[in-house]
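Here is the structure we will look at.
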Amino acid sequence: MRRPGPQALLSVATPRPGLPLRPARPRRPPPPPPQSASSPAGQPWARPGLRASLPASGSQERAGEGTAAQGPRSLSRLRAAGALAAAAAAGGREVPVPARAVAQSRWLELTGSMAGPRARRGSGLGLLALSTLGLCLMLQVGAKRPPKTPPCPPSCSCTRDTAFCVDSKAVPRNLPSEVISLTLVNAAFSEIQDGAFSHLPLLQFLFIENNDIWALSKFTFRGLKSLTHLSLANNNLQTLPRDIFRPLDILSDLDLRGNSLNCDCKVKWLVEWLAHTNTTVAPIYCASPPRFQEHKVQDLPLREFDCITTDFVLYQTLSFPAVSAEPFLYSSDLYLALAQPGASACTILKWDYVERQLRDYDRIPAPSAVHCKPMVVDSQLYVVVAQLFGGSYIYHWDPNTTRFTKLQDIDPQRVRKPNDLEAFRIDGDWYFAVADSSKAGATSLYRWHQNGFYSHQALHAWHRDTDLEFVDGEGKPRLIVSSSSQAPVIYQWSRTQKQFVAQGEVTQVPDAQAVKHFRAGRDSYLCLSRYIGDSKILRWEGTRFSEVQALPSRGSLALQPFLVGGRRYLALGSDFSFTQIYQWDEGRQKFVRFQELAVQAPRAFCYMPAGDAQLLLAPSFKGQTLVYRHVVVDLSA
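Numbering (this note's numbering), first residue to last: 5 to 641.
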């Protein structure tokens, strides 16, 4: 007899219990079974595409018998169907069973009852096989699927470990992490940011070539510990951030050709790096500046790079006007004395080494103070307070009471309208001189003796003196007195007379508001500010001064040369414009303009070193007193 196909068996209805069964005729399905109590209405047989559930225990036994009867081929199909059903039951869900397997199972179930006792002997073996296969499928269903490999970006062509990208709008982010070689060509971006390739930790070859990239971040290559070959050839790079290649520990080959490198201070670090690295670097050439054009970067001498510059930055603002500033040391502490006519006081500030700021310390009453000059004589602190009105005084600091007490008056007949004070020491004796700007007064010299200062000499009467400068050079102490009504006068100290003797005038300047001096090498210079006309820089020629430079300075009442770390500057104030900072050019032996400071109507400038902070104080008559800090800037950083 010809065996029925699976599709025919799918149409067989449930048989009634106890009745003999017939195999369905081929190509002609039997009519649907009648309804009975043992076969409820509406219970269909499994059909193709429907979900199968586990058969009952009796059905499993009959299936085993049928398997023995049908042979190895039928047994394998039954095992497959039974395993899928077992896996579905274990997972708590139904699993689609192929229609052919369901049909074969039904056929075995229908014919199993006729197999006889011989067939029943193989039932144990079938159940064992079904259980083993079902357990295996349960483990497979519960296991997690491995993550999918990210797709290759549209602008790239990828293999398992390489990517070649053209016209990318950004550095591709969804590349497989196993990529070891990446090429970017004709990119549509011009900058590369920090950590742009950190998602590719296994990258060994990176070629960023033939693009219009002009800027790289300092940490562009962060995380590329495996990178051995890097090419940045044929881009538009003019400079490279300092230490950009530091994260590349095992970099062996670097190509920077085809870029327009500007060989200024920004590439000085590259010259130093090329001299010490073990990386093989193809020859690269400078595109600018003109003096280095077409020069090989590897051959540039480091001495040609002048990359250290300086700047004065605002450090502290003192919220009051002042007309003079005098720093001094006392008992190992740093202080600053400021004359404040608006506050009717000489204010003493103390430098706080912890907070690194100037703090209020004490005040000396002075209704019209124009200058407060501190002097430390024999470990005792004195402050000479010069006032326009009400007389001038000398105060002494009492460490027992921790306060200033008045020590003595300054003769009001001699000093009527003081404008400046200068303190100095000659042959072990302390002196101070007061410049008097009145018609009836005289610039006077006072000398310390035992317990006070006494009048020693009247120098320059009736000349409206404005400033004093003490110069101790070549073993010959000199005092230069400037005046608004005549040329500055030079006095030289006579050791036999123990007085100053007039030596001559500085005829190149008809009048001067302030006079200061400095030394550069073996030469001595004078700086004279003028309110109307240009300020002058003069050099001493052995017997006279000669002019070396004129500086525009309309409205200038104050100037001050000072030295910071080997660099010489000149601060020149004005009532009508910004304060100008000049720097001394050693080669040209002149000052060159360096920086502008926004100081209103400065009346003095004072350089004050405070620990590692180099400060420039600018007392202002119309605004706040400003404190600037001198900073050194490395342009190659």
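Every residue, glycine too, gets a C-beta built ideally from N, C-alpha and C.
By the neighbour-count definition (other C-beta atoms within 10 Å, threshold 16), Arg607 is a buried residue. The Cβ neighbour count for Gln618, taken over all protein chains shown within 10 Å, is at least 16; the residue is labelled buried. The alpha-carbon separation between Val419 and Trp466 amounts to approximately 11 Å.
Along the stretch 212-299, the alpha helix (DSSP H) occurs as fully enclosed runs of 4 or more residues at 272-280, listed in sequence order. The beta carbons of Arg468 and Ser448 sit no closer together than 7 Å. Beta-bridge annotation (DSSP): Val327 is not paired with any residue. In the three-state scheme derived from DSSP, where H, G and I count as helix and E and B as strand, Arg523 is classed as strand. Beta-bridge analysis with DSSP links His464 to Thr447.
Sequence-distant Cβ neighbours of Asn190 in its own chain, meaning closer than 8 Å and more than five residues away, are Val170, Asp171, Asn214, Asn215. Contact check between the stretch 504-519 and the stretch 585-595: fewer than three CB pairs, one atom from each, fall below 8 Å, which does not count as touching. By alpha-carbon distance to Ser581, the top candidate from Leu567, Arg571, Arg597, Ser560 is Ser560. Per DSSP, the beta bridge partners of Tyr435 are Phe428, Arg451.
Taking the C-beta atoms as reference points, Arg261 is found nearer than 7 Å to Ile288. Inter-residue distance for Gly569 and Leu563 is about 20 Å (C-alpha atoms, whole angstroms). Given a length threshold of 3 residues, each whole run of the beta strand (DSSP E) inside the stretch 350-390 is given here in chain order: 361-369, 373-381. Look at Glu509 here: in three-state DSSP terms it is strand. Burial check for Gln297: the Cβ neighbour count within 10 Å stays below 16, so the residue is exposed. The shortest CA-to-CA distance from Val285 to any of Thr409, Gln302, Asp431, Glu551 is the one to Gln302. Boundaries of the beta strand (DSSP E) around Gln587: 583-589. Residues Tyr632, Arg633, Val635 of the same chain have their beta carbon placed closer than 7 Å to that of Val317, with the five preceding and five following residues left out of the count. A residue is called buried when at least 16 other Cβ atoms come within 10 angstroms of its Cβ; Asn404 does not meet this threshold and is exposed. The C-beta distance from Pro416 to Val374 rounds to 15 Å, too long to fall under 8 Å, and the pair is not in contact. If you look at Gly569, you'll find it isn't in any beta strand (DSSP E); DSSP assigns it neither H nor E. With a threshold of 16 other beta carbon atoms within 10 Å, Ile254 falls short and is exposed. According to DSSP, His400 shares a beta bridge with Tyr386, Thr409. In this structure, DSSP gives Asp471 an extended state, which the three-state scheme calls strand.
Relative to Leu241, the option among Lys270, Leu567, Gly227, Gln496 whose CA is nearest is Lys270. Apart from sequence neighbours up to five positions away, the residues of its chain that approach Leu392 with a beta-carbon distance below 7 Å are Ser372, Val374, Lys421, ordered along the chain.
For Arg543, the three-state secondary structure derived from DSSP is strand. Ala279 is classed as exposed because its beta carbon has fewer than 16 other beta carbons within 10 Å across all chains shown.
The continuous beta strand (DSSP E) containing Leu322 extends over residues 312-322. Beta-bridge annotation (DSSP): Thr187 is paired with Phe168, Phe211. DSSP, read as helix, strand or coil, puts Leu619 in strand.
DSSP lists Arg523 as the beta-bridge partner residues of Ser528. DSSP, reduced to helix, strand and coil, places Arg307 within a helical segment of the structure shown.
When rounded, the separation of the alpha-carbon atoms in Leu206 and Val183 is 7 Å.
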